[in-house]
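All remarks here apply to the structure that follows.
Residue numbers (our numbering), protein chains in the order written: chain A, 1 to 266; chain B, 1 to 266; chain C, 1 to 266.
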């Protein structure tokens, strides 16, 4: 049974997601659609790319449809991509959304531009390419009735838009990291792993400060008292900040891309 | 594989939607359920009817379950309907919710009142007919084990409740249209199409005013700068108002049913 | 076709739910997953237990996965349970979440501790046991490739954590009941049924007071005018408070566990 996974910033208040499911079901009645999430913040391409990158490894290999598309109707390309590993196919706008997931699966070995794909639903609207372009192409690929090359115009994978992310760095003042993303609980995902901490001379289970505020480096937020700040490896092996039964985002007054300094508590 | 589509105002915070899925799965294990949306504003029959009308064309033909039912437990009828086209079956309360979709598929050729259907779950609760009446009837119809006529008491389709919508009109002051509906982004759907604009002497790509505020008639909101107002044909070929990366609803202080005047900018 | 039902407090804004669906699909591609709800308030084990108890009777028998897990990564046990009736299997944390549903299906006849199950995804994260422990075990059980006893270490069902709920009681002042739970509409579920009302000498359709405020005991909130308070049997045969087209929770200023007094209006 073919699988289509689906991630977007459409939310579930409107019928956008449902209509895309309908379009897929009409074209590929046997395909199973798994919703990764539709709760990506509106137009937040980076959050979508990060979630897609980490989630797809837990999804069956198949066609991975993703739509976070602030420039819909503009000049950005619409693309379908084949990754080097597991024959994973990615379908979505070429704005960096797919780039981290593509790298995760060995890079792109075949790419087509699908903005004028013969598989589109006609007439194509200016604002709902999820329904008219991306979902139909994903469904046809899942149905196996067409090869990727027949889905659009061949494109050099080297021309695809790549997402540029901030990078944590060790300094004399400690580890300077950045807020990559936050979940609904206010847990903050950083652009750093355990190795970055070690490179900055910081050790596990040592008392730390984060932006001057005391924090514990622990296994999970259950290791600290309610209201306390904890630095931990999250479910995806990435360093994260949390407040047990609270919100680290609010407690530290952080926003995405903010710099934070992690240091040894004096 | 039989398809049941499902639209409601139940939201996803509670178990209402999940329980209806369970009821359907017990009666029709082979049926596939596609959620159109459960984010219709509570008790907003008209929004439900409009979303259903435009979404169903993208759904596989099947049984289309819809529940926005402010008078549940009161005197309103519960109905199952067969449309003239594509053998589409509609199941829900008879309060206008199904009326636009029925018209879209050629009108109703067979109707039954299912409030006392032998297919109900007993005992029927006073407040959760989605679970006890509508979902079981929809599931039995999808399973194909029963004909529509056996689902309830025959009803004259002419007696079904019809939704009355406002109508845009051309005036000396310009096109007077109404707010039919707004999505979560604050994009405003009007009761007018391109032909209505033309009838009022307004032209594509001309500078316009909407309630005295400058707007551009363009292909999509990507055609205007962030924060600017744009009038465009939405994904369903209906005129809509948007603010690029903002909310037209908020920018113009609009509510559903409000009248707006579209005129040529002087 | 095997069924896995899934309830959690993960919400749909992030990819937690989607990733668990992916994990299940990889292990048990033929299993059908039905989402009960993921809108349980964060860490509200009791709300999860109550919703699970009442919803499962409407779900096909199968594997019932539930994750509301404030102590994830701490000392609480992870368990898989077989109920006496219908071969229902429950999978989740042993914090009382599963206890009401287990009782509903005749009690637990077989229990295993799955925290170190050979079926886990390695490496197990400290904070996402839904993905790494519960979903994999549920999926393997649904796939039928493994017996419950092979899923973990045998556990005495008598050691499982039981949820303790408040109990309504008849007093001279009337029926003293408690707020068990509230839905998104502000409808308040009480820990009392019709028999408790009768035991306190209160009768159907009689004018009552709830915390001193007039209320009607009626069949449904459609029986009272907009804004009025009504006491009724909800869709699960439990006494509930509602305000027609409003919120009883807000109108009475209630919170979960609050005591309310229902008396005859003088």
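The beta carbon of each residue, even a glycine, is placed where N, CA and C say it ideally should be.
Bridge-paired residues (DSSP) for residue i
i: residue 232 (chain B); result: B:240
i: residue 262 (chain C); result: C:175 and C:210
i: residue 169 (chain C); result: C:176
i: residue 64 (chain B); result: B:5 and B:90
i: residue 182 (chain B); result: B:188
i: residue 111 (chain C); result: C:81 and C:155
i: residue 37 (chain C); result: C:7
Proximity below 8 angstroms, CB of residue i to CB of residue j
i: residue 82 (chain A); j: residue 95 (chain A); result: no
i: residue 8 (chain A); j: residue 72 (chain A); result: no
i: residue 110 (chain B); j: residue 163 (chain B); result: no
i: residue 2 (chain B); j: residue 28 (chain B); result: yes
i: residue 209 (chain A); j: residue 263 (chain A); result: yes
i: residue 35 (chain A); j: residue 184 (chain B); result: no
i: residue 211 (chain A); j: residue 225 (chain A); result: no
i: residue 130 (chain B); j: residue 140 (chain B); result: no
i: residue 186 (chain A); j: residue 266 (chain A); result: no
i: residue 113 (chain C); j: residue 78 (chain C); result: yes
i: residue 215 (chain B); j: residue 229 (chain B); result: yes
i: residue 31 (chain A); j: residue 4 (chain A); result: yes
Collapsed DSSP secondary structure at residue i in the structure displayed
i: residue 32 (chain B); result: strand
i: residue 154 (chain B); result: strand
i: residue 161 (chain B); result: coil
i: residue 98 (chain B); result: coil
i: residue 79 (chain B); result: strand
i: residue 147 (chain C); result: coil
i: residue 200 (chain B); result: coil
i: residue 134 (chain A); result: helix
i: residue 119 (chain C); result: coil
i: residue 269 (chain B); result: Residue 269 (chain B) lies beyond the range of chain B shown here (1 to 266); nothing can be said about it.
i: residue 43 (chain A); result: coil
i: residue 22 (chain C); result: helix
i: residue 104 (chain A); result: helix
i: residue 302 (chain A); result: Nothing can be reported for residue 302 (chain A), as the shown portion of chain A is limited to 1 through 266.
i: residue 52 (chain C); result: helix
i: residue 139 (chain A); result: helix
i: residue 252 (chain C); result: coil
i: residue 14 (chain B); result: coil
i: residue 193 (chain B); result: coil
i: residue 221 (chain C); result: helix
i: residue 73 (chain B); result: coil
i: residue 57 (chain A); result: helix
Residue i CB to nearest heavy atom of the ligand GDP below 7 angstroms
i: residue 58 (chain A); result: No copy of the ligand GDP appears in this structure; indeed no ligand is present at all.
### Query
Can we say the segment 149-159 of chain C touches the segment 193-200 of chain C, given the rule of at least three CB pairs closer than 8 angstroms?
no
### Message
Any contact between the segment 53-63 of chain B and the segment 16-33 of chain A? By contact I mean 3 or more CB pairs, one from each, below 8 angstroms.
### Response
yes
### Message
Contact between the segment 198-214 of chain C and the segment 171-189 of chain C is defined here as three or more beta-carbon pairs at a separation below 8 angstroms; is this criterion met?
### Response
yes
### Task
Could you please tell me which residues of the segment 175-194 of chain C, in chain order, have their CB closer than 9 angstroms to any CB of chain B?
183, 184, 185 and 187
#### Entry: Interface positions of the segment 14-32 of chain B facing chain C (Cβ-Cβ less than 7 angstroms), listed along the chain
14, 15, 18, 19, 21, 22, 23, 25, 26 and 29
### Query
Looking at chain B, which residues of the segment 48-67 of chain C have a Cβ within less than 7 angstroms of any of its Cβ atoms?
51, 55, 58, 59 and 60
### Task
Mind checking the segment 203-224 of chain A against chain C and listing, in chain order, the residues whose C-beta falls within less than 9 angstroms of any C-beta there?
218, 219, 220, 221, 222 and 223
### Query
What residues in the segment 74-86 of chain A have a beta carbon less than 7 angstroms from any beta carbon of chain B?
74
### Task
Please confirm if the segment 247-264 of chain A is in contact with the segment 43-56 of chain B, defined as three or more CB-CB distances below 8 angstroms between the two stretches.
no
### Message
To be precise: take each residue of the segment 114-125 of chain C, compare its Cβ to all Cβ atoms of chain B, and keep it if any distance is under 7 angstroms. Which residues remain?
### Response
none
### Query
Which residues, taken in chain order from the segment 228-256 of chain B, show a beta carbon closer than 9 angstroms to some beta carbon of chain A?
232, 233, 234, 235, 236, 237, 240, 242 and 245
### Task
Anything in the segment 32-43 of chain B with a Cβ closer than 8 angstroms to a Cβ of chain A? List those residues in chain order, please.
32, 34, 35, 36, 37, 38 and 39
### Task
Could you name the residues of the segment 128-144 of chain C whose beta carbon sits closer than 8 angstroms to any beta carbon of chain A, in the order they occur along the chain?
128, 131 and 132
### Query
Got a sec: which bits of the segment 96-115 of chain B sit with their beta carbon under 8 angstroms from any beta carbon on chain C, in order along the chain?
none
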